[in-house]
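Report on the structure given below.
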Amino acid sequence: MKQYVIDEIRYPDYEKVKAYLDETFGVSGVDGLYWIPLDETLYSNVQQAHTGCAPFFMALELEENRLVGELLIRTRNRVRCDCIHYADGRQRDWLIQTMDTIFEKLNIIT
């Protein structure tokens, strides 16, 4: 799995990130997993054509010492489809910026 990882998170910072993710994105039913909706303007051509599969998400996994952003773009409507694929450059940059912005908003130095 291709990922973007921010590690060596201190426990007090973990608690801040968890509270932010819970409030902003809600709980997924799997502890520590958050579904981040991908901005529709970033959908690939295949994803734009697959309106029945939309919306598309990137997963964040929060552990006590790290935050992991998975670079696989998924739909919650299907397990396999051509529209489920690794992030292109724009989508990857968006995920990295989204994760970095969370830390900036919470005044967490990484």
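Read in order, the letters of the sequence shown correspond to residues 115 to 224 in our numbering. Heads up, the beta-carbon is just placed ideally off N, CA and C, and yes, glycines get one too. Nothing here was measured: the structure is a model prediction, and the numbers come from that model.
Note: phenylalanine 170 is bridge-paired with Thr189 in the DSSP secondary-structure output.
A residue is called buried when at least 16 other Cβ atoms come within 10 angstroms of its Cβ; alanine 173 meets this threshold and is buried. In terms of Cβ geometry, leucine 156 and glutamine 205 form a close pair [threshold 7 Å]. Here glutamate 184 carries a strand assignment [DSSP, helix/strand/coil]. DSSP, read as helix, strand or coil, puts glutamate 122 in coil. In this structure, DSSP gives tyrosine 148 an extended state, which the three-state scheme calls strand.
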